[in-house]
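The opening residue of the sequence shown carries number 1 in full-length UniProt numbering; numbering runs sequentially from there.
Take a look at the structure set out below.
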Amino acid sequence: MVATGTIRSGHVVAQNVEVIKADTRELQDRPKGFGVYVLQGAFTLWNRQTDKDVTITAHLTGLKVGSKDKPVQGGGVFISGAGDVGGVLKVELLETGEIHSNGGIKQGTPDVITGGVFVVYGANVKKVINRRPVTTYGVNDMVLDNWGTVGEWIAEDRITSHGPSGIGFVNFNEIGIIRILSDIETDGIGARGFNVYAGSVKHAEFKRIVTRANASVGIQVSRPVGTLIVHEDIETYGGEGGSLVKGVITKLSADGLSVKEGGTIDMVEIGGKIITNGPNVRSLHVQGEIKEISVKGGIISKGSGSKAVLIENGNVSLNGIEIQEQPIS
């Protein structure tokens with residue numbers, strides 16, 4: 001569903017829509033930002049009017065896309081306005097059921113991505129709820145991605161990525177509250193768990209984050225975050241490798257929690273451990289600022305040449321936190 005031409009207003013209601021089969025890979029209309037193009041989704045709602053006074057509204061519930069045995073080709077759920085200066089898409093509620101998507105992007109492609117559930121620029125969503133698992137399978141397939149503005153984003157079930165550079169949750173604009181009530185798990189090279197590379201997040205809360213490949217940082221932040229809570233562990237298993245960052249394949253290490261220059265976190269609460277298992281990585285790497293932190297299970301590194309903590313021109317106080325370096329023999 002695309003608003004163009006004479007369509008200058010409207011309200012869309014979608015309820016219990018299931019897309020069993022779709023392929024959007026050859027569609028050439030793709031929004032661009034942050035160095036990449038975004039493939040449309042099996043369910044697409046897009047206000048493409050260039051006039052900023054054109055607003056489309058929507059209420060979207062019970063959206064299901066693909067299946068474990070037959071993921072859709074391309075993106076899953078895609079909602080967008082016409083960028084920061086064009087028409088706006090306002091969504092009161094975006095609620096999804098189970099989502100399975102595979103973008104079919106060729107390995108090594110730096111400038112094309114997809115999302116299992118993607119809120120693109122010009123979309124203003126009051127609340128996103130993912131009721132069932134969201135899973136992506138291919139290269140550059142983000143699971144949850146935000147370029148718009150979201151008041152609250154809740155995922156009640158597992159968030160899983162199986163492909164290279166397929167990040168669990170990506171934020172590039174503004175989100176008030178994130179609550180991921182089940183695990184984020186990735187197993188592709190460069191598939192980070194959660195990152196904030198632009199915009200800001202007031203409150204981000206997770207159950208557990210696990211990554212299992214090289215260059216797959218658990219959490220990486222380079223912009224302001226208010227409160228960051230992980231109830232259980234942040235755990236990574238990889239070492240160094242290449243990952244897609246803003247349209248460029250970049251060398252990263254599978255650090256546990258990384259705060260880059262320009263990144264600040266007001267308060268970090270980890271209910272379990274920050275633990276890395278791979279070589280030449282850091283469990284906590286601070287180049288920005290963490291104003292307050294608690295890690296109940298301690299900060300642990302197990303890989304050869306790895307450090308539990310590395311502070312590079314950053315600021316954090318680790319008083320009362322157990323720090324262990326346990327290189328595997």
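Just so it is clear, CB atoms sit at the ideal spot from N, CA and C, and this is done for glycine as well.
Contacts around residue i, its chain only, beta-carbon distance under 8 Å, and the 5 residues preceding and following it disregarded
i: D111; result: G35, V36, Y37, G247
i: G303; result: G239, T276, N277, G278, P279, N280, V281, P327, I328
i: G122; result: N47, S80, G81, A82, G83, D84, G86, G87, V88, L89, G148
Closest residue to residue i among the options (Cα-Cα distance)
i: R158; options: I7, T136, R132; result: R132
i: L60; options: K202, N16, S80; result: N16
i: V117; options: D183, L39, I177; result: L39
i: D23; options: I180, V65, I219, I270; result: V65
i: I300; options: Q326, V259, E240; result: Q326
i: I154; options: E205, T136, T135; result: E205
i: G199; options: R223, G271, T55; result: R223
i: T211; options: K202, N319, Y237, K68; result: Y237
i: I175; options: D53, T227, D51; result: T227
i: A58; options: V217, L45, K68; result: L45
i: S306; options: A3, H285, T50; result: H285
i: Q73; options: E92, V217, N102, V54; result: N102
i: K296; options: E232, I311, V309, V201; result: E232
i: K21; options: K32, I99, G272, E92; result: I99
i: G33; options: V54, F78, I113; result: I113
Cβ pair residue i, residue j closer than 7 Å
i: K126; j: G87; result: no
i: N171; j: N146; result: yes
i: A82; j: N124; result: no
i: A42; j: V19; result: yes
i: G115; j: G75; result: yes
i: I274; j: S283; result: yes
i: I209; j: I184; result: yes
i: A215; j: G242; result: yes
i: V139; j: I180; result: no
i: Y197; j: G163; result: no
i: I177; j: M142; result: no
i: I293; j: L257; result: no
i: A308; j: I323; result: yes
i: S161; j: G190; result: no
Exposure of residue i, with buried meaning 16 or more beta-carbon neighbours within 10 Å
i: S9; result: exposed
i: K70; result: exposed
i: N195; result: buried
i: V85; result: exposed
i: D255; result: buried
i: T6; result: exposed
i: T135; result: buried
i: L63; result: buried
i: D51; result: exposed
i: Q28; result: exposed
i: L94; result: buried
i: K260; result: buried
Cβ neighbours of residue i in the same chain (closer than 6 Å, five flanking residues each side left out)
i: N315; result: E289
i: M1; result: L45
i: S253; result: E240, V281
i: K202; result: G176, G226
i: S67; result: H100
For this session: Could you pull out every unbroken alpha helix (DSSP H) segment of at least 4 residues lying fully inside the segment 206 to 274, listed in chain order?
Result: Whole alpha helix (DSSP H) segments, 4+ residues: zero.
For this session: Tell me the start and end of each unbroken beta strand (DSSP E) in the segment 287 to 323 that is at least 3 residues and wholly inside, in chain order.
Result: 293 to 295, 299 to 301, 307 to 311
Problem set entry | Entirely enclosed beta strand (DSSP E) segments - the segment 73 to 112, minimum 3 residues | 75 to 80, 88 to 102
Problem set entry | Uninterrupted beta strand (DSSP E) stretches inside the segment 43 to 69 (no shorter than 3 residues) | Listed in chain order, the complete beta strand (DSSP E) runs (minimum 3 residues) inside the segment 43 to 69 are 55 to 65.
For this session: Jot down the residue ranges of each uninterrupted beta strand (DSSP E) in the segment 119 to 157, minimum 3 residues, whole runs only, in chain order.
Result: 123 to 130, 134 to 136, 141 to 146, 149 to 155
Exercise. Fully enclosed by the segment 7 to 48, which beta strand (DSSP E) runs are 3 residues long or longer?
Worked result: 10 to 15, 36 to 38, 41 to 47
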